[in-house]
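A.B. asks:
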Amino acid sequence: MTRTAPSAPAYRSSVGTARDGFVQILRSEWTKVRSVRSTVWCALAAIGLTVLVSLLTSASSTTDANSGPAFVDQFTFVHQRMDGDGTFVVHVASQRDSQEWAKAGIMIKENLTGGSPYAAVMVTPRHGVRMQAGFTTDVAGSGAGAPRWLMLTRSGATIAGYESADGTTWHHAGTVQLPGLPRTAELGMFVTSPNGLRVTKTSGGVSTSGYATVGTAAFDHVSVQPAVPQQLRGWTGQTVTDDGAPPTGGPATGTFTEADGAFTVTGTGDIAGYGIPSFQAGDDDIVANSLSGVQLGLLAVVALGVLAATAEYRTGMVRTTFAASPRRRRVLVAKGVVVGGVVFLAGLVASLVALFAAQPELRHNGFRPPAYPSPSLADPTVLRAVVGTALVLAVLAVFSLGVGLVLRRSARAIVLVIALVLVPQIVAAFVPSLSVQMWIDRLTPVAGLAIQHTRPRFDYAIGPWAGFAVLCAYAAAAMAAAMWLVRRRDA
Amino acid sequence: MTGGGAAVRMEWTKLRTVPSTAWSLLALVTLMVAASALLLWTLGGAACGTGCDPDLPRLSLGGIYLAQLPVVVLSVLAVTAEYETMMIRTTLAAQPRRLTLLGAKAAVVSAAVLVAGLVGVLGAWAVGRSVRVGGYPPVSPADAATGRAYLGTVVYLGLVALLSLGVGALVRHTAGAVTTVIGLLYVAPIVGQLITDERWRSRVERYAPMSAGLSVQATRHLERLAVAPWRGVGVLAVYAVVALLLGAVVFRVRDA
Chain A
321 MTRTAPSAPA YRSSVGTARD GFVQILRSEW TKVRSVRSTV WCALAAIGLT VLVSLLTSAS
381 STTDANSGPA FVDQFTFVHQ RMDGDGTFVV HVASQRDSQE WAKAGIMIKE NLTGGSPYAA
441 VMVTPRHGVR MQAGFTTDVA GSGAGAPRWL MLTRSGATIA GYESADGTTW HHAGTVQLPG
501 LPRTAELGMF VTSPNGLRVT KTSGGVSTSG YATVGTAAFD HVSVQPAVPQ QLRGWTGQTV
561 TDDGAPPTGG PATGTFTEAD GAFTVTGTGD IAGYGIPSFQ AGDDDIVANS LSGVQLGLLA
621 VVALGVLAAT AEYRTGMVRT TFAASPRRRR VLVAKGVVVG GVVFLAGLVA SLVALFAAQP
681 ELRHNGFRPP AYPSPSLADP TVLRAVVGTA LVLAVLAVFS LGVGLVLRRS ARAIVLVIAL
741 VLVPQIVAAF VPSLSVQMWI DRLTPVAGLA IQHTRPRFDY AIGPWAGFAV LCAYAAAAMA
801 AAMWLVRRRD A
Chain B
445 MTGGGAAVRM EWTKLRTVPS TAWSLLALVT LMVAASALLL WTLGGAACGT GCDPDLPRLS
505 LGGIYLAQLP VVVLSVLAVT AEYETMMIRT TLAAQPRRLT LLGAKAAVVS AAVLVAGLVG
565 VLGAWAVGRS VRVGGYPPVS PADAATGRAY LGTVVYLGLV ALLSLGVGAL VRHTAGAVTT
625 VIGLLYVAPI VGQLITDERW RSRVERYAPM SAGLSVQATR HLERLAVAPW RGVGVLAVYA
685 VVALLLGAVV FRVRDA
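Residue numbers (this note's numbering), protein chains in the order written: chain A, 321 to 811; chain B, 445 to 700.
(1) If you measure between the beta carbons of leucine 629 (chain B) and alanine 687 (chain B), is that distance less than 9 Å?
(2) Quick test of your reading: glutamine 398 (chain A) and phenylalanine 599 (chain A), contact by CB under 8 Å. State the CB separation rounded to the nearest angstrom.
(3) Listed in chain order, which residues of the stretch 679-698 of chain A have Cβ atoms closer than 9 Å to some Cβ of chain B?
(4) Output yes if chain B places a C-beta closer than 9 Å to the C-beta of asparagine 609 (chain A); else output no.
(5) Checking contacts by CB at 9 Å: is threonine 597 (chain B) closer than that to chain A?
(6) Quick check on valine 424 (chain A): buried or exposed, where buried means 16 or more other Cβ atoms within 10 Å of its Cβ?
(7) When we look at the beta-carbon of glutamine 545 (chain A) and count the other beta-carbons within 10 Å, is it buried (16 or more) or exposed?
(8) Apply the 10 Å Cβ neighbour rule to tyrosine 692 (chain A) and answer buried if 16 or more other Cβ atoms are within range, or exposed otherwise.
(9) What whole-angstrom Cβ distance do valine 517 (chain B) and arginine 732 (chain A) have, given they're in contact under 8 Å?
(10) To the nearest angstrom, how far is it from the Cα of glycine 657 (chain B) to the Cα of valine 560 (chain A)?
(11) Give the interface partners of valine 743 (chain A) over in chain B, defined as CB-CB distance under 8 Å, in chain order.
(12) With respect to the beta strand (DSSP E) encompassing methionine 471 (chain A), which residues constitute its N-terminal and C-terminal limits?
(13) Ignore the nearest five residues each way along the sequence and tell me which others in valine 607 (chain A)'s own chain have a CB closer than 6 Å to its CB.
(14) On the criterion of 16 or more Cβ atoms from any shown chain inside 10 Å, does glycine 665 (chain B) qualify as buried, or is it exposed?
(15) Short check: CB of threonine 588 (chain A) to CB of glutamine 415 (chain A), under 9 Å?
(16) Is there at least one Cβ from chain A nearer than 9 Å to alanine 479 (chain B)'s Cβ?
(17) What are the residues of the stretch 530-543 of chain B that lie near chain D, defined by any Cβ-Cβ distance shorter than 7 Å?
(18) How would you list, in chain order, the residues of chain B whose beta-carbon sits under 8 Å from the beta-carbon of threonine 382 (chain A)?
(19) Answer yes or no: does any C-beta atom of chain B fall closer than 9 Å to that of proline 752 (chain A)?
(20) Note down the Cα distance separating glycine 435 (chain A) from lysine 429 (chain A), rounded to an integer number of angstroms.
(21) What three-state label does DSSP hand leucine 611 (chain A) in the structure shown?
(22) Figure out for me which residue from A:Thr456, A:Gly341, A:Gly454 and A:Ala466 has the closest Cα to the Cα of glycine 448 (chain A).
(23) Could you check where the beta strand (DSSP E) with alanine 582 (chain A) kicks off and where it finishes?
(24) What residue does the beta strand (DSSP E) around tryptophan 479 (chain A) start on, and which one ends it?
(25) State yes or no: is the beta carbon of leucine 716 (chain A) nearer than 9 Å to at least one beta carbon in chain B?
(26) With DSSP as the reference, label histidine 617 (chain B) as helix, strand or coil.
(27) Evaluate the contact criterion for the stretch 734-743 of chain A versus the stretch 802-811 of chain A: three or more CB pairs, one atom per stretch, below 8 Å.
(28) Out of A:Ala798, A:Val712 and A:Gly724, which has the shortest C-alpha to C-alpha gap to glutamine 788 (chain A)?
(29) Would you tell me roughly how many angstroms separate the C-alpha atoms of alanine 619 (chain B) and leucine 470 (chain B), rounded to the nearest one?
(30) What separation, rounded to the nearest whole angstrom, lies between the Cα atoms of threonine 640 (chain B) and glutamate 649 (chain B)?
(31) Look at alanine 623 (chain A) and serine 355 (chain A) and say whether their C-beta atoms are less than 9 Å apart.
(32) Between tryptophan 674 (chain B) and chain A, is the shortest Cβ-Cβ distance under 9 Å, so that the two count as touching?
Laid out in C-alpha cells, this is it:
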C-alpha cells in the first residue's frame, strides 16, 4: 500500500525576481562599498592624512620673498625729450631670443631715474606684444614677435599703444593712464633681458641659479610726430638702473649703435613688478604645496581601491556577486563608478580643507601678498588644482581597483601601485640626470599630480591636463586588463 | 615539543612551502640588480651635467627603493596571511607560547631576507663593478665607506623585515599593514622634498626611518648627511624594535 504524501505547494521565495540592470548593480556595489568598515576608514584616513601632511609641510616652509624690492627697473634706453602730446613710431626689425621675457620696444617715461612712471609697448620673443605700465599693468597684445611695427601716442595723461605688421594697418594694444606725467617726458627705444635660469641636478633634487642674459634688438623707421626743435639734440643712449649705479653681475652694460636711422641696442635687466609676468619674487607654488598632503592621503585611496576588488575575492563574495549579475563587465564598470565617486567626494573634502587650513600657517611663514597672493577658488588655476586633486585621487582609486581585479591579492596589488606611484618620485630625485628625472615625472602615474600646479616652475615636467591624461591612461589600461581577464578566469 | 627550536622549524616549514616567499625573495634580488644597472646607465653620455658628482656605490644600491617592497610584503604576510586563513589558531594550538612563536617568525623571516638581501647587494656590486662609467674608478668594497654602504644595505633590509613583521602583528590585516609600512617608509622623503626650511628638512631626514636608514649608503659628502651612517641605521632599528614590541604586546593580549 503506497501512500502519496499530501501535496504541499513547492517552496517559492517571497522575494520577487530582481532585474540586474546597471542601476541595480550600481546600487548593490554602493551597498557593498558603504557597508564595509575599511572603506569608511580609508576615506577618513585619506582626508585626515592629506590635511595633516599639508599642515606639516606648510608649517615647515618659510620664505622671505616679500623682503626683496617690489620692482626692478633696469634697461638700455635710447631716448630724447618730447614736449606735450605726440606720436612715436618705430619698426622693430629683429630681436634676439635671449630670454622668453626679453623686452624690446618703445617707452615714454617721466625721467631717467629708475622707478619713475612709464608706459611702454614692446615685443617679446615668446609672449608676443605687450603693453605695460607702472610696474603693475600688463596687457597682452597679439602673439606676434619681431619684426613688428610699434606706436605710442600721448594725449595728456593718456598713453595708447598700437602694433602693426606692415606699418599701415594698426591694432590697438592697450591704453593706460599716467596721471602726473609732466609735459616734458623722456621718449625712446629700450631693450632689456631678464636673468636666465640654470637648473643643476644635485644629490636629492635640483637647484637653480640665475645668470645674466643680454638682449639685442634692431630698430628702424624711427619717427616722432610732431618733430620738435629739441630733436636736433638727437638720440642719447643710457642704462637706467634702480639705484642709479651701473648694473653689476651682467656681462656687459647696454650699448647702442646708430647707422642711417637704424639703431641696434643691447641691454640687460628687466622692467617689472608685481603684476608683470616676468617678475618672480618667489617661485614656490603655494597651492600645490598646500595640497602636497595627498602624497600620504593617496596611500589610503590606493588601499580603498585595491580592497574594493580583493576583499570580494578573499571572502568568495565575488561568486555571489557574479551569480546575481552574470554580466561581469557591467559589475566592473559599476564598481569603478562607485569607487571613483566615493573617492572623488572624499578627495574634494580633503583638498578643500587642506588648501584653506594651510593658509594661515603659510601667511605666518612669509607666504603673503604681494609676492604670494592668497589663493582663491575664483582663480581658475586654483579651482583646477583643488578639483583636479579630487579627480586624481578618484582616477588613482580606479587604477588601484583595476590592479586589484587583475592580481586579486591585496598585498601585491598595493605594492605594485605604490611601486608605480610613490617609488618613482624618490628615484627621480635620486638619479643624477635631470632629463631622466623629467621623463620619470612624465611617464609614471604621478604625472597626474601636475594638475595641482598653479604657476610655471623650472622643475615641472608636464602640463596639468597632459599629466592627468597620463594617469587616466594607466587607469584605463588596468581596467581594460581587468575586463578582459574577468571573462576568462574563474571567480 | 613546544621549545624555541621547534617553533623555528615550524615557521621555517611554513615560510618555505608558500610559493610567494620564493617569488618575493627572487623579486628582491632581481630588483636590486636590475635597478642598479638602470641607474648606472643613466649616468652614461652627457646626461650628467657639470657640477654633477655622483655617489657611485649609492647609485648602484638605488634598487633598494623598489627591492624593499617585496620584503615588506613577505614580512607582513608572515603574520597576516595566517589571520586571513585562520591558520593562526592551529599554529597557536601547537605553540601556545606566543612570544616564542613571534620570535621564531622574526628569526626565520629576517634570516631569509638577510640571505636574499646579501645576494642582491652582491649582484648590485657586480653590476657596479662591471659597468664602467667614464672617468670613475670601479666600485670596490675594500674602501671602508663603500663596504659600509653594501653591508649597511643588507642590515637595512633585515630591519625593514622586522618593522613590517611588527606592524603586521599589530594591525593583523594585510592591506592595512602593508599600507602603514609603506607610508612610514616612503612618505617622509617625498614630503621632505617640498619643505623649504633647511632645518625642518634635516629633521625629517634624521628621524624618518627610510631616509635615516639609507644614510648608510652614502660614501661621499658624509658631512652633508643629516644623520651619521650607522646612527641612521640605529634610527630605523628603533622603529623596528618599537613596532615589534607593540606587535608582541597585541599578539599576546588579543584573541587570535
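Idealized CB from N, CA, C, for every residue including glycine.
C.D. replies: From the atom records:
(1) The residue labelled residue 629 (chain B) in the question sits at position 185 within the second sequence. The residue labelled residue 687 (chain B) in the question sits at position 243 within the second sequence. No.
(2) As a first step, residue 398 (chain A) must be located in the first sequence, where it is residue number 78. As a first step, residue 599 (chain A) must be located in the first sequence, where it is residue number 279. Position check: residue 398 (chain A) holds valine in this sequence, whereas glutamine was assumed. With 8 Å as the limit, valine 398 (chain A) and phenylalanine 599 (chain A) do not qualify as a contact, their Cβ atoms being about 24 Å apart.
(3) Asn685
(4) Counting from 1 along the first sequence, the entry for residue 609 (chain A) is found at position 289. Answer yes: the Cβ-Cβ gap between asparagine 609 (chain A) and chain B drops below 9 Å somewhere.
(5) For the purposes of this step, residue 597 (chain B) is taken as the residue at position 153 of the second sequence. Cβ-Cβ to chain A under 9 Å: no for threonine 597 (chain B).
(6) Your numbering for residue 424 (chain A) matches position 104 in the first sequence. Sequence inspection shows alanine at residue 424 (chain A); the valine mentioned does not correspond to that position. Buried, by the Cβ-count rule.
(7) Taking the first sequence and counting its residues from 1, the one referred to as residue 545 (chain A) is at position 225. So glutamine 545 (chain A) counts as exposed.
(8) Sequence index remark: in the first sequence, residue 692 (chain A) carries index 372 (1-based). Counting Cβ neighbours within 10 Å, tyrosine 692 (chain A) comes out buried, since at least 16 surround it.
(9) By one-based count along the second sequence, residue 517 (chain B) stands at place 73. By one-based count along the first sequence, residue 732 (chain A) stands at place 412. Valine 517 (chain B) to arginine 732 (chain A), Cβ: 6 Å. Contact.
(10) Here residue 657 (chain B) refers to the residue found at position 213 when the second sequence is read from its first residue. Here residue 560 (chain A) refers to the residue found at position 240 when the first sequence is read from its first residue. So the two alpha carbons sit approximately 54 Å from each other.
(11) Counting from 1 along the first sequence, the entry for residue 743 (chain A) is found at position 423. Under the 8 Å cutoff, chain B gives Tyr509, Leu510, Leu513 and Tyr630.
(12) Position 151 of the first sequence holds residue 471 (chain A). Methionine 471 (chain A) -> beta strand (DSSP E) spans 468-475.
(13) Position 287 of the first sequence, counted from the start, is the residue given in the question as residue 607 (chain A). Pro695, Val702, Ala705 and Thr774, listed in sequence order.
(14) For this step, residue 665 (chain B) is matched to residue 221 along the second sequence. Looking at the sequence shown, residue 665 (chain B) is not glycine but histidine. Per the 10 Å Cβ criterion, exposed.
(15) Numbered from its first residue, the first sequence carries residue 588 (chain A) at position 268. Numbered from its first residue, the first sequence carries residue 415 (chain A) at position 95. No. Outside cutoff.
(16) Working through the second sequence from its first residue, we reach residue 479 (chain B) at position 35. Yes, because at least one Cβ of chain A sits closer than 9 Å to the Cβ of alanine 479 (chain B).
(17) Of the chains in the structure shown, none is chain D; the protein chains are A and B.
(18) The count along the first sequence starts at 1 and reaches residue 382 (chain A) at position 62. The contacting residues are Thr640 and Asp641.
(19) Start at 1 with the first residue of the first sequence, and residue 752 (chain A) comes out as number 432. Judged by the 9 Å Cβ criterion, proline 752 (chain A) is in contact with chain B.
(20) By one-based count along the first sequence, residue 435 (chain A) stands at place 115. By one-based count along the first sequence, residue 429 (chain A) stands at place 109. If you take the alpha carbons of glycine 435 (chain A) and lysine 429 (chain A), they lie about 10 Å apart.
(21) In the first sequence, counting from the first residue as 1, residue 611 (chain A) sits at position 291. Correct three-state label for leucine 611 (chain A): coil.
(22) Your numbering for residue 448 (chain A) matches position 128 in the first sequence. Selected option, being the one with the closest Cα: A:Ala466.
(23) Locating residue 582 (chain A) in the first sequence gives position 262, counting from the first residue. Here the beta strand (DSSP E) through alanine 582 (chain A) covers 582-587.
(24) In the first sequence, counting from the first residue as 1, residue 479 (chain A) sits at position 159. Sequence check: residue 479 (chain A) is isoleucine here, not tryptophan. Segment 478-484, the beta strand (DSSP E) holding isoleucine 479 (chain A).
(25) Indexing the first sequence from 1 puts residue 716 (chain A) at position 396. Answer no: the Cβ-Cβ gap between leucine 716 (chain A) and chain B never drops below 9 Å.
(26) Mapped onto the second sequence, residue 617 (chain B) falls at position 173. DSSP places histidine 617 (chain B) in coil when its eight states are reduced to three.
(27) no
(28) Counting from one through the first sequence, the residue named residue 788 (chain A) turns up at place 468. A small correction: the amino acid at residue 788 (chain A) is phenylalanine; glutamine does not occupy that position in the sequence shown. Taking only the C-alpha atoms, the option nearest phenylalanine 788 (chain A) is A:Val712.
(29) For the purposes of this step, residue 619 (chain B) is identified with residue 175 of the second sequence, where counting begins at 1. For the purposes of this step, residue 470 (chain B) is identified with residue 26 of the second sequence, where counting begins at 1. Roughly 22 Å between the two C-alpha positions.
(30) Within the second sequence, the letter at position 196 stands for residue 640 (chain B). Within the second sequence, the letter at position 205 stands for residue 649 (chain B). If I take the Cα positions, the gap works out to 13 Å.
(31) Position 303 of the first sequence holds residue 623 (chain A). Position 35 of the first sequence holds residue 355 (chain A). It is not a contact, given that the beta carbons lie outside the stated cut-off.
(32) Your numbering for residue 674 (chain B) matches position 230 in the second sequence. Chain A, which has no Cβ nearer than 9 Å to the Cβ of tryptophan 674 (chain B), makes this no.
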